[in-house]
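Right, one structure below, let's go through it.
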Amino acid sequence: MASSSGNFTMPGKDFERIQHHYGYILDNVFNPDDLITTLFSKGVLDLDQKTHILNIETGKPRVRKLLDILMTECGDCYQLFLEALREKRFGPIADTLGKIRFVVTSQTIIYLYVRTI
């Protein structure tokens, strides 16, 4: 199972990527139900978490709860989240989350794409 039921948070770099793109994800994932089901089948969410999320109002409140739970999970849940995004036709969101930003100088920023699968 990818998660440890909220006992730890995901690795810092993964947490920061979701935190940095939190609003973007909220604005672009309109109905997360298929995503939630996929994350459950991948072992990222347990039954209680899945049920809790699906009992929340659909739309942004549901996506917000999903993200909040994901950010408290550890293991490979971030990579599995990216896989689920791609499987459920949210590939552009996964691509955005897969970007790493390196500050080269005070005036130059380079974006690199990291293959996540």
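Its first residue numbered 1, the sequence shown is counted upward by one per residue in full-length UniProt numbering.
Using N, Cα and C, we set each Cβ at its ideal position, and we do this for glycine too.
- The DSSP-derived three-state label of Lys-65 is helix.
- Contiguous alpha helix (DSSP H) elements confined to the UniProt domain "CARD" (10 to 87) occur at 12 to 20, 22 to 28, 33 to 41, 47 to 54, 60 to 70 and 77 to 87, taking only those with 4 or more residues.
- In the same chain as Lys-65, and ignoring 5 residues on each side of it, the C-beta atoms closer than 8 Å to its own belong to His-52, Ile-53 and Ile-56, in chain order.
- For Gly-91, the enclosing alpha helix (DSSP H) stretches over residues 91 to 97.
- Nearest C-alpha to Lys-13 among Gln-79, Asp-46 and Arg-89: Gln-79.
- Between Asp-34 and Glu-87, the alpha-carbon positions lie close to 10 Å from each other.
- If you draw a straight line from the Cα of Ile-69 to the Cα of Gly-23, it is about 16 Å long.
- Between the C-alpha atoms of Met-71 and Glu-16 there is a straight-line separation of about 9 Å.
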